[in-house]
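Peer 1:
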Amino acid sequence: MFGLFETEDFKHPTLGVFRWVRGCWRGEMALPNGSVVPLIIGGTRKGPDHAALRHAENFGPDLKSVEAQLMHELFEHYEPYAEAARQGEIEASGFPQVHNGSEALGMAEVEAVVVVELDRALATEVCYRVPWDEEHTLGARFRGRNWVELCGSTLVP
0 MFGLFETEDF KHPTLGVFRW VRGCWRGEMA LPNGSVVPLI IGGTRKGPDH
50 AALRHAENFG PDLKSVEAQL MHELFEHYEP YAEAARQGEI EASGFPQVHN
100 GSEALGMAEV EAVVVVELDR ALATEVCYRV PWDEEHTLGA RFRGRNWVEL
150 CGSTLVP
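Here it is, written out as structure tokens:
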């Protein structure tokens, strides 16, 4: 009986298989470092948004083009936490030492890549977990090769 209401998987020639789960199309993406993370694409039950798929196809070059801004923003996000550790406001024991944006990016772990509408335009959001902010998932947002922002608290859909 329930098979009548199931949505067929979507097969993309380069991005692989996507399944309709909780209102989004979910697949996997291999990152430049070789790790595999969830790839979440907007769309309807009929299929993923084709423009969102193009964003996902261009993920590697687009991410590379905003990498300098991403490193800057991650380090800027780190600095108040480091200052709080120096002032004794948060536990300093085991607090990570980060000296620049490259090190900050090296410590950031990707939780998921999401391509959805943001402020009425498609954006790619890379969801990061960082060791200096255990309470939040950060969202590095960009549109194509244009940086948008580092959101200090995002949710993986």
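Take the sequence shown: its letter number 144 is residue 143 in numbering that gives the first Met the number 0, and every next letter is one higher.
Ideal Cβ positions, reconstructed from N, Cα and C, are used throughout, including at glycine.
Just so we're clear, the structure is a prediction, and the values are computed from it rather than from any experiment.
Going by alpha carbons, who is nearest to V113 out of C23, T6, E7, P12?
Peer 2: C23
Peer 1: Which two residues bound the contiguous alpha helix (DSSP H) that contains K45?
Peer 2: Here K45 belongs to no alpha helix (DSSP H), and DSSP marks it neither H nor E.
Peer 1: Looking at the structure shown, is G143 part of a helix, part of a strand, or coil, going by DSSP?
Peer 2: coil
Peer 1: Mapping DSSP to helix, strand and coil, what is P130?
Peer 2: DSSP, read as helix, strand or coil, puts P130 in coil.
Peer 1: Taking the beta strand (DSSP E) that G15 falls in, what are its first and last residues?
Peer 2: Looking at the DSSP string, the run of the beta strand (DSSP E) that includes G15 is 15–20.
Peer 1: Which ranges does the alpha helix (DSSP H) cover as unbroken runs of at least 4 residues, wholly within the stretch 56–102, from first to last along the chain?
Peer 2: 58–85
Peer 1: So is T153 buried or exposed if we call it buried at 16+ other beta carbons inside 10 Å?
Peer 2: buried
Peer 1: Going by alpha carbons, who is nearest to S64 out of W146, A139, C150, I39?
Peer 2: W146
Peer 1: In this structure, does DSSP put L30 in helix, strand or coil?
Peer 2: coil
Peer 1: Considering only C-alpha positions, which residue in the set F141, V129, E110, E108 is nearest to T123?
Peer 2: F141
Peer 1: Going by the beta-carbon positions, is the gap between A55 and L117 smaller than 8 Å?
Peer 2: no
Peer 1: Three or more C-beta pairs under 8 Å: does that hold for the stretch 70–82 against the stretch 99–106?
Peer 2: yes
Peer 1: For L166, which beta-bridge partners are listed by DSSP?
Peer 2: The chain is shown only over 0 to 156; residue 166 falls outside these bounds and no answer can be derived.
Peer 1: So, using beta-carbon positions, are L38 and A139 closer together than 8 Å?
Peer 2: no
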